[in-house]
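What follows is a single structure, written as structure tokens, with notes after it.
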Amino acid sequence: MAFEVGIQFLDDYGRTTTRRFQNTDALVADALTSVGSLVANFLAVSDLGTLKHDVAVRTVAANPAETAANKDTGGTLHCVLDNSKLYPLKIPGIRATMLNPDGSIDLADLAIVAYFENFMTAGKFRVSEGNYVVSVLYGELDG
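Structure follows, in structure tokens:
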């Protein structure tokens, strides 16, 4: 198994840059140790500091695009988060069948509901600094 590693660096002016690498360790615990060593080695040769590092498993998902799929056609679900902030949950390449005649997204469509429920309290995903979606106000085709 290989891991994708991203390290975010910081300069004295508050500017950041990120570098990505591939790690060849088989176990996540070993990958974390290796990244710790890489960061220590980097700090010995650079004046920059580090803000964070991410270790992720890259997977291959062979899901072919539908005929006439277009990444430039997208929709936005306008959501309220648990901290009361608004959040635009984007759906790139939204299916035309998910839209109402006026270009709004059909929030009652079961596929749309299943998608945004991933980001709600009981879901397994969070957005914007670990927040979850409380409600979806409306959805619209991007234009």
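Numbering-wise (the working numbering), the sequence shown opens with residue 11 and increments by one. For each residue, glycine too, the CB sits at the ideal point set by N, CA and C. Everything numeric in this text was worked out from a predicted model, so none of it was measured.
* To do: With DSSP as the reference, label THR107 as helix, strand or coil.
  => DSSP places THR107 within a helical segment (H, G or I) once states are collapsed to three.
Next item on the list: Flag this pair as yes or no: are the beta carbons of LEU61 and LEU99 separated by less than 7 Å?
Entry: Their beta carbons are not under 7 Å apart, which means LEU61 does not touch LEU99 by this criterion.
Please classify LEU58: does DSSP put it in a helix, a strand, or coil?
-> Under the three-state reduction of DSSP, LEU58 is assigned to coil, being neither helix nor strand.
Worksheet item: To which residues of the same chain is GLU150 closer than 8 Å at the C-beta, ignoring the five residues directly before and after it?
Response: Around GLU150, the same chain offers GLY85, THR86, HIS88, GLY113, SER114, ILE115 as residues with beta carbons nearer than 8 Å, after the five sequence neighbours per side are excluded.
Task: Residue interval of the beta strand (DSSP E) (run including PHE31) - done: Bounds of the beta strand (DSSP E) holding PHE31 are 26-33.
- Query: With distances taken between CB atoms, is the gap from VAL4 to VAL45 smaller than 7 Å?
  - Reply: The shown model of the chain, from 11 to 153, leaves out residue 4, and the question about it has no answer.
Original post:
Given that a residue counts as buried once 16 or more other Cβ atoms are within 10 Å of its Cβ, and exposed if not, what is ALA39?
Top reply: Burial check for ALA39: the Cβ neighbour count within 10 Å stays below 16, so the residue is exposed.
**Prompt:** On the three-state DSSP scale, how would you describe PHE129?
**Reply:** Residue state for PHE129 is assigned as coil, using DSSP reduced to three classes.
Is the beta carbon of ALA124 less than 7 Å from the beta carbon of GLY103? Cβ atoms of ALA124 and GLY103: not closer than 7 Å.
- Item | Cβ-based burial, ALA41 [other Cβ within 10 Å; buried from 16] | Burial call: buried.
- Of all the options LYS134, ASN73, VAL90, TYR148, which has the alpha carbon lying nearest to the alpha carbon of ASN110? Considering only alpha carbons, the answer is TYR148.
Report task. Under the assumption that THR28 contacts ILE17 (Cβ atoms under 8 Å), give the Cβ distance between them as a whole number of angstroms. Result -> The Cβ separation is near 7 Å, so the contact holds.
On the DSSP bridge assignment, give the partners of ILE101 in chain order. Answer is GLY85, bridged to ILE101.
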